[in-house]
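Protein sequence lines, in the order shown, are assigned to chains Z and A. Under my numbering, the first residue of the first sequence carries the number 19, and numbering increases by one thereafter. Under my numbering, the first residue of the second sequence carries the number 13, and numbering increases by one thereafter.
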Amino acid sequence: NAGVTQTPKFRILKIGQSMTLQCTQDMNHNYMYWYRQDPGMGLKLIYYSVGAGITDKGEVPNGYNVSRSTTEDFPLRLELAAPSQTSVYFCAAKFSLRQPQHFGDGTRLSIL
Amino acid sequence: AQSVTQLDSQVPVFEEAPVELRCNYSSSVSVYLFWYVQYPNQGLQLLLKYLSGSTLVKGINGFEAEFNKSQTSFHLRKPSVHISDTAEYFCAVSEDNYGQNFVFGPGTRLSVLP
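Below, the structure is given as structure tokens:
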């Protein structure tokens, strides 16, 4: 019953620190996505992946990196944290183009 | 590229009243349409989806939506809302091509008042 699992749920970083947001799914879905959600702004796509070894930029990729070495895992890395990256981050996965995305519970990240 | 508009950022409504949350999209190709709900401090849950076939789709929690191709709309409706329906609602569009984008609207905050 796990679906999409994100860790950690909360994190506070100092400016300039780095961290990796973890996302794993047990549904064997090929497509995976990272979004950020800012108040009143909806969801913005950061990066996505159509399968292991294949990633591509979304709408707001600057300051982030991703990798997809396995079908299950799609970590998002922040190299030099900036206050503008304070947000709630959601990972999602879906089986095919016609199917809806399944979301994790999110990671709340604050950069001070 | 597609875009999604949700004209109402906030919709207050009294309990047991009907509600309609509006969604319009723009796209040059066929689309798949979705409505998601987000309760406070939670992720997004799928309410309903339109892939093909009947333009009236029914979802969970008594919600339904109607796809109108000529007006490029996918409005969400519920005949009688409950306090527990208070949440943020997002419309989303996926194009029927190789593009991987799954564009979300800015969201509508539904507040159900007692």
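Glycine is no exception: its CB is placed at the ideal position from the N, C-alpha and C atoms.
Here Z:S102 is exposed, its C-beta having fewer than 16 other C-beta atoms within 10 Å. The stretch 36 to 52 of chain Z and the stretch 87 to 99 of chain Z touch, with no fewer than 3 CB-CB distances between them shorter than 8 Å. For A:V23, no CB of chain Z lies under 9 Å from its own CB, so it is not counted at the interface with that chain.
Z:G124 and Z:P57 have their C-alpha atoms roughly 14 Å apart. Non-local beta-carbon contacts of Z:S105 in its own chain, meaning distances under 7 Å to residues more than five positions away in sequence, involve R54, Q55, D56, L127 in chain order.
Along the stretch 76 to 103 of chain A, the positions whose C-beta sits under 7 Å from a C-beta of chain Z are F102, read in chain order. Straight across, the Cα-Cα distance linking A:Q18 with A:G119 is about 6 Å.
With respect to the 9 Å criterion, A:K61 and A:Y44 are classified as neighbours on the basis of their beta carbons. Using beta-carbon distances, A:L58 counts as an interface residue toward chain Z, with a partner under 9 Å. Taking the Cα positions, A:S96 is about 15 Å away from A:L56. Within 10 angstroms of the beta-carbon of Z:G76 lie 16 or more other beta-carbons, which makes it buried.
Looking only at A:Q22, A:V49, A:S15, the smallest Cα-Cα distance to Z:H120 is reached by A:V49. Residue Z:W52 holds the alpha-carbon nearest to the alpha-carbon of Z:L94 among Z:A111, Z:Q117, Z:W52, Z:L115.
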